[in-house]
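This report refers to the structure that appears directly beneath it.
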Amino acid sequence: MLELVNVSKKLDRQSIIQSVSFRTPKGCFHTILGDSGTGKTTLLKLIAGLEKPEEGHILLEGRDVTAVPAEGRRIPMIFQQPLLFPHLTVYQNIAFGLETAGWNKGKIRNQVQALLAVLQISELELRIPGTLSGGQQQRVSIARALAPGNPLVLMDEPFSSLDPSLRRELGQQVKTLQRQMNLTVIFVTHDVTEALQLSDEILLLKEGKVLESGTPQELYERPKKMATARFMEAGNLVEGSVVKGEFHCELGCFLSVGIPEGPATGLIPERGICVTSGDGDARIIDIRYLGKSRRVKVLVGDISLWIEGDFQCDLSIGQTVEIRLPEQIHLMYS
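Positions 1240 to 1573 (this note's numbering) are the ones given, in order, by the sequence shown.
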């Protein structure tokens, strides 16, 4: 569907995007994840044709569109702030692109009403944007962008200005529409949780370069780089070394079948550690209540570990507990 090959972009002689390559198959929800200032929005503008790369190629459906301007690509883009015609009703805003494309009135009404229903704004169709909340306006913007049925849609942090509960709700509604319409979505966010929940694939961008890419599960549970594990907040990182098929560290020995010998860093998931209230060598130094679960920080020797779980036993700061670590952990190399 979409492919970028060694795409680079400079601004005032400063490299913003550096040799970025990736491929997005049809029907994929592909997230570009990274901190602010890493070039995520610039990458979207390059795909849309709003910016032109210094190097590389952009292909849509196998066709090189690198030199094709935005009006020739006709890729809808949803921004952080809603962009609506203030004098038109909700219905008219969504229908506008369909009318200019020559759709008949019956088909337009069916498409608009279907989108209004999924986004739960059917009762707003006769209102004008100035009477809507920010969240309602953004739902209308999303409906308007999706209405023509373009196979590729770009989204630049469309939920960033919304409160957390509305952000989650709208994210799931967009995911539902993406699946129903078999859309290819390129979605930009700096929110790790949002990326994990919505994405089929994630491309992690750092300082304009691809740090790592893969499925949410791959980047969270089996990252190849320590920088990825830290950004994804994937778990506890423990330094050690591999000797004769075992990873040795201050916490003990772990299986490491087929792993080269030498210095390595182990990744121990927060939910991969079991806790019992029996007297042990782990001392609780912090407890965080998360609603459905708790995060407990323990000190084992000089190493601190975060553990998340639905603990059945009573736990308190200063208490010593027994912990059971997994037999095998994921390893990374510098």
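We treat Cβ as the ideally placed atom computed from N, Cα and C, and that holds for glycine.
In this model, asparagine 1332 and proline 1264 are separated by some 30 angstroms (Cα to Cα). For glycine 1295, the enclosing beta strand (DSSP E) begins and ends at 1294-1299. The shortest C-alpha to C-alpha distance from cysteine 1492 to any of Val1392, Thr1559, His1569 and Thr1305 is the one to His1569.
Fully enclosed beta strand (DSSP E) runs of no fewer than 3 residues occupy 1475-1482, 1485-1488 and 1491-1494 of the region 1467-1504, in order along the chain. For asparagine 1332, the three-state secondary structure derived from DSSP is helix. As summarised for the region 1504-1570, the continuous beta strand (DSSP E) elements at least 3 residues long and confined to that stretch are 1513-1515, 1521-1528, 1533-1539, 1542-1548 and 1559-1563, given in chain order.
Of the other Cβ atoms in all chains shown, fewer than 16 fall within 10 Å of the Cβ of histidine 1326; this residue is therefore exposed. As computed with DSSP, glutamine 1253 is found in a beta bridge with Leu1250. Annotation note: the region 1412-1443 contains the following uninterrupted beta strand (DSSP E) runs of length 3 or greater, listed N- to C-terminal: 1423-1428. Judged by beta-carbon spacing, serine 1254 lies beyond the 9 angstroms limit of valine 1449, meaning their Cβ atoms are not closer than that value. Tyrosine 1572 counts as exposed, since fewer than 16 other beta carbons sit within 10 angstroms of its beta carbon. For glutamate 1451, the enclosing beta strand (DSSP E) stretches over residues 1448-1453.
By the 16-neighbour rule on beta-carbons within 10 angstroms, phenylalanine 1426 is buried. In the displayed model, leucine 1327 falls within coil according to three-state DSSP, outside both helix and strand. Less than 9 angstroms divides the Cβ of glycine 1410 from the Cβ of leucine 1437.
About 14 angstroms separates the Cβ atoms of glutamate 1433 and leucine 1443, ruling out a contact at the 8 angstroms cut-off. Scanning its chain for C-beta atoms nearer than 6 angstroms, with the 5 sequence neighbours on each side dropped, one finds around aspartate 1439 the residues Cys1267 and Phe1268, in chain order. Bounds of the beta strand (DSSP E) holding valine 1392 are 1391-1395.
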